[in-house]
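**Student:** Residue numbers (our numbering), protein chains in the order written: chain A, 1 to 385; chain B, 386 to 770. Right, I'll just put the structure down here and ask away after.
Protein chains: 2
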Amino acid sequence: MARDRRTFLKLSALAGGALALPGSTFASAQQAHPSRPAARTARMKLTFRPYTLELKHVFTIAVSSRTTTPVVLTEIAYGGLVGYGEASMPPYLGETQETAAAFLSKVDLSRYPDPLQLETILADIDALAPGNQAAKAAVDIALHDLAGKLMNRPWYDIWGFDKSHTPYTSFTIGIDTPDVVRQKVREAAEYKILKVKLGRDNDKEMIETIRSVTDKPITADANQGWTDKQKALDMIHWLKDRNVLFVEQPMPKDVVDDMAWVTERSPLPTIADEFCQRLPDVRRAYGVFSGINIKLMKSTGMREAHKMLLVARSLGMKVMLGCMTETSCAISAASHLSPMIDWADLDGAVLIKNDIFAGTTIVDGRIKLSDKPGIGVTKTTLSRT
Amino acid sequence: MARDRRTFLKLSALAGGALALPGSTFASAQQAHPSRPAARTARMKLTFRPYTLELKHVFTIAVSSRTTTPVVLTEIAYGGLVGYGEASMPPYLGETQETAAAFLSKVDLSRYPDPLQLETILADIDALAPGNQAAKAAVDIALHDLAGKLMNRPWYDIWGFDKSHTPYTSFTIGIDTPDVVRQKVREAAEYKILKVKLGRDNDKEMIETIRSVTDKPITADANQGWTDKQKALDMIHWLKDRNVLFVEQPMPKDVVDDMAWVTERSPLPTIADEFCQRLPDVRRAYGVFSGINIKLMKSTGMREAHKMLLVARSLGMKVMLGCMTETSCAISAASHLSPMIDWADLDGAVLIKNDIFAGTTIVDGRIKLSDKPGIGVTKTTLSRT
Numbered sequence: 001m002a003r004d005r006r007t008f009l010k011l012s013a014l015a016g017g018a019l020a021l022p023g024s025t026f027a028s029a030q031q032a033h034p035s036r037p038a039a040r041t042a043r044m045k046l047t048f049r050p051y052t053l054e055l056k057h058v059f060t061i062a063v064s065s066r067t068t069t070p071v072v073l074t075e076i077a078y079g080g081l082v083g084y085g086e087a088s089m090p091p092y093l094g095e096t097q098e099t100a101a102a103f104l105s106k107v108d109l110s111r112y113p114d115p116l117q118l119e120t121i122l123a124d125i126d127a128l129a130p131g132n133q134a135a136k137a138a139v140d141i142a143l144h145d146l147a148g149k150l151m152n153r154p155w156y157d158i159w160g161f162d163k164s165h166t167p168y169t170s171f172t173i174g175i176d177t178p179d180v181v182r183q184k185v186r187e188a189a190e191y192k193i194l195k196v197k198l199g200r201d202n203d204k205e206m207i208e209t210i211r212s213v214t215d216k217p218i219t220a221d222a223n224q225g226w227t228d229k230q231k232a233l234d235m236i237h238w239l240k241d242r243n244v245l246f247v248e249q250p251m252p253k254d255v256v257d258d259m260a261w262v263t264e265r266s267p268l269p270t271i272a273d274e275f276c277q278r279l280p281d282v283r284r285a286y287g288v289f290s291g292i293n294i295k296l297m298k299s300t301g302m303r304e305a306h307k308m309l310l311v312a313r314s315l316g317m318k319v320m321l322g323c324m325t326e327t328s329c330a331i332s333a334a335s336h337l338s339p340m341i342d343w344a345d346l347d348g349a350v351l352i353k354n355d356i357f358a359g360t361t362i363v364d365g366r367i368k369l370s371d372k373p374g375i376g377v378t379k380t381t382l383s384r385t
Numbered sequence: 386m387a388r389d390r391r392t393f394l395k396l397s398a399l400a401g402g403a404l405a406l407p408g409s410t411f412a413s414a415q416q417a418h419p420s421r422p423a424a425r426t427a428r429m430k431l432t433f434r435p436y437t438l439e440l441k442h443v444f445t446i447a448v449s450s451r452t453t454t455p456v457v458l459t460e461i462a463y464g465g466l467v468g469y470g471e472a473s474m475p476p477y478l479g480e481t482q483e484t485a486a487a488f489l490s491k492v493d494l495s496r497y498p499d500p501l502q503l504e505t506i507l508a509d510i511d512a513l514a515p516g517n518q519a520a521k522a523a524v525d526i527a528l529h530d531l532a533g534k535l536m537n538r539p540w541y542d543i544w545g546f547d548k549s550h551t552p553y554t555s556f557t558i559g560i561d562t563p564d565v566v567r568q569k570v571r572e573a574a575e576y577k578i579l580k581v582k583l584g585r586d587n588d589k590e591m592i593e594t595i596r597s598v599t600d601k602p603i604t605a606d607a608n609q610g611w612t613d614k615q616k617a618l619d620m621i622h623w624l625k626d627r628n629v630l631f632v633e634q635p636m637p638k639d640v641v642d643d644m645a646w647v648t649e650r651s652p653l654p655t656i657a658d659e660f661c662q663r664l665p666d667v668r669r670a671y672g673v674f675s676g677i678n679i680k681l682m683k684s685t686g687m688r689e690a691h692k693m694l695l696v697a698r699s700l701g702m703k704v705m706l707g708c709m710t711e712t713s714c715a716i717s718a719a720s721h722l723s724p725m726i727d728w729a730d731l732d733g734a735v736l737i738k739n740d741i742f743a744g745t746t747i748v749d750g751r752i753k754l755s756d757k758p759g760i761g762v763t764k765t766t767l768s769r770t
């Protein structure tokens, strides 16, 4: 935590009064859930602090390796209630704790009389600056948590979804040596579906290594790694013969015509990830990919993610729900959409050593939603240290 | 009411035990709004009865004239709460009180443990039989009213909309003699926008008659009345020069290519009404019309209407919210979407003499939402007679 504290002090100067001291505002947050705030004059107050997630394993994808992930944790206090949020910022996506703090310091929630006016509030926040999707998601998630607590219902209830319809989640096996890959596959015994990061020169070796120890279904994420359309299509055929369910982002995100060519011929569904960030991208992805991967840190949070889900469904597209490395805060937030999706990849909190929230869990490989209101999380004892 | 009672007795035999006697179950409905039902073993119970709306004026559109509109009123009782719903069935749409009773008698809500599982329950009900959109809406609206009461919030809150953003509604001037049209326009002094039914041989006369007494903006509904694309386009140009805002359904609903041709060249937005009934029709209307007219009696109710709104918005289409002749029950239900639309045509309850609900009102021509939970309605004293 020493490093977090130093980063925090730097951010404090940057963000001014909007930053709370870790352990002060955060630790004293009330947990009671009255259905209405005591005072009609209550005003929302946003606070935030940096936190560094420590990964259980070195994590390698097509473009980078790392052992930590920086996040920013948010809280919105209102009338005795507190909503929790989170921004996760893997380094390759362009946001940092500093950019998030700079953005969040511009957010003034005190001027909104009613926290339930999500459409208006979140449209205003979106208009503060372009980009900053993770920072925006950190506000959106905390606001949803607060709104759900005000309504005294979890979001799957508010959205009208059946919590018994949650899917299994895949578990990600990072790129590594065959021995380590085999070891990771054995450790993932609880999971019914494995996700593999491809897009480098050892793709077939990765799949064959996994197939040497298990015949579980695999989902493949090429992370834009294949640049030739015929080779991409050939690879997809090869993957289909090895019980792979679908392929995420086979080609670079700016490749459209070749990608549509691949999708038209592909024996497996193709899923847009880097190509599909926000709501307008769903329409762009229609006819180019078979489906989309919705992640809160791309979509600016739960509200736009919910819209993306409904739009993709109405266009007949497949829907996958993904995540970054995140605590159970952002994972739980995303999981309320999971009763309505085809495939889930919500293992982000399982991959870290220092989760400070408890909420949605994975039981025998399947997503299990909490009954608590809002996004359904509580802070763990680790959060007090 | 004598006629309603006779119709009811006929329906009773048709629908069996699911029908309630008017004035029995309905009059004894509890009005308390606890946030959770007293008993965990509560089961939903659907009842319904016919009712005949009496119109203030003879109502003429391109294809018919009438002085009454048959509706079916629904109630869903659960744990001391009651949700109200309504099916409105103008004769030209194919549903009747008898078909609605036959459909509703197939609906068994007692098997669902949780009224908030709207997605699952409404998908099951939709699958009971094709068509029957108004009957399905009657269940959907009552279920939304109940769910909102369980959450103790009005639906604009649950959907995250700002009730201060409601639009003005248009007021419909039916086809009639010039003297009567001028009289109706004067009676509509409260309304800022007039809606005119066109699509017959006196279209220009109608507009000129209105323009002889007011320069208020007009919206035009051709009700499929124009069959030639060039004549339709010429008429739209003529209308634009007379401060008409948009044109609904200029051509027959099965005309697609010619309609797209008109939209591409039209100086006014074209709005799909008969062409666009349910969610999949939004995608079909994209590129053919500029926008869609959402009506609960076409969409099967509030849930699909909300999805249609979000999908149309994401496709960059205009959204209008319309109605049939309805009580303030169905009008109030629809009105919760109104903070997010471009144009409203929610005058249905104003056109009848025997409304039995109070909820959303029209104040100085503008939609005013009730603060009450659910769809926000109460029964009026007229409902006890």
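Even for Gly, the Cβ is constructed at its ideal location relative to N, Cα and C.
Let me check one thing: in DSSP terms, what residues is B:ARG434 bridge-paired to?
**Tutor:** Paired residue(s): B:LEU458.
**Student:** When you compare the CB of B:MET536 with every CB in chain A, is at least one pair closer than 7 Å?
**Tutor:** Chain A contact via Cβ: present.
**Student:** Exposed or buried, what is B:GLN416 when buried is set at 16 or more other beta-carbons lying within 10 Å of its beta-carbon?
**Tutor:** Note that B:GLN416 scores 35 on pLDDT, short of 50, meaning its location in the model is unreliable; the coordinates nonetheless yield the value given after this. Exposed, because fewer than 16 other Cβ atoms sit within 10 Å of the Cβ of B:GLN416.
**Student:** Can you list the residues of chain B that A:MET340 reaches, using a CB-CB cut of under 8 Å?
**Tutor:** The contacting residues are GLU504.
**Student:** Would you check if the distance between the CB atom of B:LEU736 and the CB atom of B:SER720 is smaller than 7 Å?
**Tutor:** For B:LEU736 and B:SER720, no; Cβs fall outside 7 Å.
**Student:** If we call anything under 7 Å between Cβ atoms a contact, is A:ALA42 one with A:TYR92?
**Tutor:** No, the pair does not count as a contact, with Cβ atoms beyond the cut-off.
**Student:** Considering B:ILE595, what are the terminal residues of the alpha helix (DSSP H) in which it resides?
**Tutor:** Taken as a continuous stretch (DSSP letters only), the alpha helix (DSSP H) holding B:ILE595 covers 588-596.
**Student:** Any idea which residues DSSP pairs A:MET320 with across the strands?
**Tutor:** The partner list for A:MET320 (beta bridge, DSSP) reads A:ASN293 and A:TRP343.
**Student:** If you compare alpha carbons, which of B:GLU689, B:PHE444 and B:LEU754 is closest to B:GLU504?
**Tutor:** Ranking the options by Cα distance to B:GLU504, first place goes to B:GLU689.
**Student:** Below 7 Å on C-beta distance, what does B:VAL696 contact in chain A?
**Tutor:** What B:VAL696 touches in chain A: LEU310, VAL311 and SER314.
**Student:** Taking only three categories from DSSP, how would you classify A:PHE397?
**Tutor:** Any property of residue 397 of chain A remains undetermined from this structure, which presents chain A solely from 1 to 385.
**Student:** Quick one: is A:PHE103 near chain B, going by C-beta distance under 7 Å?
**Tutor:** Judged by the 7 Å Cβ criterion, A:PHE103 is not in contact with chain B.
**Student:** Is A:LYS368 close to chain B, meaning its C-beta is less than 7 Å from at least one C-beta of that chain?
**Tutor:** No - not a single Cβ of chain B is within 7 Å of the one on A:LYS368.
**Student:** Could you tell me the alpha carbon to alpha carbon distance between B:PRO407 and B:ARG434, rounded to whole angstroms?
**Tutor:** Because the pLDDT of B:PRO407 is 36, which lies under 50, any placement of that residue in the model is unreliable, and the question is left without a value.
**Student:** Quick one, are the C-beta atoms of B:GLY686 and B:MET709 less than 7 Å apart?
**Tutor:** No.
**Student:** Look at the Cβ atom of B:THR453, then the Cβ atom of B:PRO475, and state whether they are nearer than 7 Å.
**Tutor:** No, these two residues do not count as a Cβ contact at 7 Å.
**Student:** Please give me, in chain order, every unbroken run of the beta strand (DSSP E) with length at least 3 that falls completely inside the region 117-187 of chain A.
**Tutor:** Entirely contained in the region 117-187 of chain A, the beta strand (DSSP E) runs reaching 3 residues are, in chain order, 170-173.
**Student:** Thinking just about the alpha-carbon of each residue, which of A:LEU150, A:LEU337 and A:GLY374 is nearest to the one in A:LYS163?
**Tutor:** If we check each option's Cα against that of A:LYS163, A:LEU337 comes out closest.
**Student:** Please identify, using Cβ separations under 7 Å, the residues of the region 143-173 of chain A that lie next to chain B, in order along the chain.
**Tutor:** Result list: MET151, ASN152, ARG153, ASP157, ILE158, GLY160, PHE161 and ASP162.
**Student:** With respect to the alpha helix (DSSP H) encompassing B:SER720, which residues constitute its N-terminal and C-terminal limits?
**Tutor:** Per DSSP, B:SER720 belongs to the alpha helix (DSSP H) from 713-720.
**Student:** Assuming A:GLU248 contacts A:ILE218 under a Cβ cut-off of 8 Å, what Cβ separation, rounded to an integer in Å, is found between them?
**Tutor:** The pair is not a contact, with the Cβ atoms about 12 Å apart (cut-off 8 Å).
**Student:** Determine the direct distance from the alpha carbon of B:LYS589 to that of B:THR599, and round the result to whole angstroms.
**Tutor:** Roughly 15 Å between the two C-alpha positions.
**Student:** Have a look at the DSSP bridge pairing and note the partners of B:GLU483.
**Tutor:** The partner list for B:GLU483 (beta bridge, DSSP) is empty, contrary to what the question assumes.
**Student:** To the nearest angstrom, how far is it from the Cα of A:LYS368 to the Cα of B:GLY707?
**Tutor:** Roughly 40 Å separates the two Cα atoms.
**Student:** Just list the residues that DSSP pairs A:ALA220 with in beta bridges.
**Tutor:** Partner(s): A:VAL196 and A:VAL247.
**Student:** Residues in the region 674-693 of chain B with C-beta within 9 Å of chain A's C-beta atoms, listed in sequence order?
**Tutor:** Those residues of the region 674-693 of chain B that come within reach of chain A (Cβ to Cβ, closer than 9 Å) are ARG688, HIS691, LYS692 and MET693.
**Student:** Just confirm the distance between the C-beta atoms of B:ALA519 and B:SER473, as a whole number of angstroms; I'd bet it's less than 8 Å.
**Tutor:** The pair is a contact, with the Cβ atoms about 6 Å apart (cut-off 8 Å).
**Student:** Leaving aside the five residues before and after A:LYS149 along the sequence, list all residues of the same chain whose C-beta is less than 7 Å from its C-beta, in chain order.
**Tutor:** Cβ within range, chain order: HIS33, LEU81, GLY83, PRO373 and GLY374.
**Student:** With a threshold of 16 other CB atoms inside 10 Å of the CB of B:PHE444, please say whether the residue is buried or exposed.
**Tutor:** By the neighbour-count rule (16 or more Cβ atoms within 10 Å), B:PHE444 is buried.
**Student:** Among the residues of its own chain, which have a CB less than 8 Å from the CB of B:PRO422, if the five just before and after it don't count?
**Tutor:** Low per-residue confidence applies at B:PRO422: pLDDT is 48, beneath 50, and the placement is therefore not dependable enough to give any value.
**Student:** Distance, Cα to Cα, B:LYS791 vs B:ARG538?
**Tutor:** Since the displayed chain B opens at 386 and closes at 770, residue 791 of chain B lies outside it and no answer follows.
**Student:** Just the Cα atoms here: how many angstroms apart are A:ASP371 and A:ILE356?
**Tutor:** C-alpha separation (whole angstroms): 19 Å.
**Student:** Quick check on this structure: which residue in B:VAL492, B:THR437, B:ALA527 and B:THR481 has the alpha carbon closest to the alpha carbon of B:SER717?
**Tutor:** When each option's Cα is compared against that of B:SER717, the closest is B:ALA527.
**Student:** In or out: A:TRP343 buried (at least 16 other Cβ within 10 Å) or exposed?
**Tutor:** A:TRP343 comes out buried.
**Student:** Rank A:ARG211, A:TRP226 and A:LEU73 by C-alpha distance to the C-alpha of A:ASP201 and give the top, closest one.
**Tutor:** When each option's Cα is compared against that of A:ASP201, the closest is A:TRP226.
**Student:** State buried or exposed for A:ALA129, treating a residue as buried only when at least 16 other CB atoms are found within 10 Å of its CB.
**Tutor:** That one is exposed.
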